[in-house]
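All remarks here apply to the structure that follows.
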Amino acid sequence: MNIGDRVRLIRGKEEGIITKVLSNNIIEIEIEDGFTIPVKRSDAVIIDALEQKTFKPVAPSRSFEPQASIERRQPASPEILANKGIYMAFVPVNDRELSQHLINNTDWELPFMLSVGSDPHHKGLAAGVLKPKTSLKVQNVLVKDFEDWGTFVFQAFFYRLAFMKLPEPLVRRLKFRVNTFFKSKQKAPILNQDAHLFQLDSDDAVNPVPPQKIDTEKLKEQMFEKQVDTPVMSLPSKPSLSVDLHIEKLSADSWAMSNREMLALQLGTFDKQFEAAIANGMDEITFIHGVGNGVLRDAIHKKLSGHKNVKYFEDAQKEKFGYGATKVKIK
């Protein structure tokens, strides 16, 4: 059973749409007037499968009295919509590559846009209309580039050619983390394949931002507060012995960045890799910053001076880098 399936209760007359799949084999069903009830999976059946089995053609009777035919029961309640079930899925192609998909398992048409990048620079990946109960392949991504995927931003509106209660537009920002991404594997609806699956319209799922109106300033404030409230406590990945800080190695969009943004990205990478080296108990690490005008080199040396975990630092491999690299001995 997946979100969006229409089911009927075995021990009752209620029918509805699955809106959540909970733990302990519990599902949540939305019935008439928008009410939701939790039930066990074993207490519900998918309507189509049950009716195909039950409502078979009745053979003509040879009796003089016409045999009562079984008629399909028409629900007296208004149409029940599958209002939730929008996903981003990453399906393994092999051990190095994943294919990224958007899934619409609702009864709504979704005019949407998907972009990726780091604020304020984003590039579009896909746009259009996701039809109900369909999926769309976006691109293939490499596992080795996981840290450089950037932040995915999904924006969508809900549309139906009918009178309706208008839902709010949906905005989701997803920056994946290693310690949660690769633990999220499950069967993806519509695709019916194992995938790293993330629900975009869930109020309490793994996504960083709940559904809200498109208010960019408020969105930025809430994103900042969320990051402060939920720090990552896992051990960072061990860096290599030498870290290249040349801007073209750190961003494919460096052409669109100002000098100030480039320097901020380079220093941010230095801070992250240096702290990861300390956390992983490394004895030394070398940062390749280039010569240039010396701004990045001076900024790194300033950070290292007096740092409690630095035994000493010096120019590294002068015959190869000149004054373009710094080796740090860690206490």
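Residue numbers (the UniProt record's numbering): 1 to 331. We put the beta carbon where it would ideally sit given N, CA and C, even for glycine.
query, result
"Could you pull out every residue in the same chain whose Cβ sits closer than 6 Å to the Cβ of V129, ignoring the five residues on either side in sequence?", "E109 and P111"
"Would you check if the distance between the CB atom of A276 and the CB atom of K238 is smaller than 8 Å?", "yes"
"Which residue marks the beginning of the beta strand (DSSP E) containing M257, and which one marks its end?", "First-last for M257: undefined, no H or E at that position."
"Quickly, what does DSSP pair A195 with across the bridge? List them, please.", "Q186"
"Could you tell me the distance, in whole angstroms, from the CA atom of K165 to the CA atom of F158?", "10 Å"
"What separation, rounded to the nearest whole angstrom, lies between the Cα atoms of H122 and S115?", "6 Å"
"My output table needs one value for I247: the three-state DSSP class, helix, strand or coil.", "helix"
"Which stretch, first to last residue, makes up the beta strand (DSSP E) that contains R172?", "L170 to L174"
"Cα separation between N309 and L245?", "21 Å"
"What residue ranges within the UniProt domain \"Smr\" (280-331) form continuous beta strand (DSSP E) runs of no fewer than 3 residues, ordered along the chain?", "284-288, 310-315 and 325-330"
"Go ahead and pull the three-state DSSP assignment for F146.", "helix"
"Would you give the residue range spanned by the beta strand (DSSP E) that F35 belongs to?", "Careful: F35 lies outside any beta strand (DSSP E) and carries neither H nor E."
"Find the nearest neighbour of H301 within the set T326, E284 and M282, judged by alpha-carbon distance.", "T326"
"When the Cα atoms are used, what is the spatial distance from K249 to V39?", "52 Å"
"Can you find the residues in the same chain that come closer than 8 Å, C-beta to C-beta, to I47, ignoring five residues on each side of it along the sequence?", "R6, V7, R8 and E15"
"I'd like the list of long-range same chain contacts for F146, defined as Cβ closer than 6 Å, with 5 residues on each side in sequence excluded.", "none"
"Could you give the residue range of the beta strand (DSSP E) that holds T19?", "E15 to V21"
"Relative to the C-alpha of G85, which residue among H289, R96, R11 and D107 is closest?", "D107"
"If you run the structure through DSSP and keep just helix, strand and coil, what is V93?", "coil"
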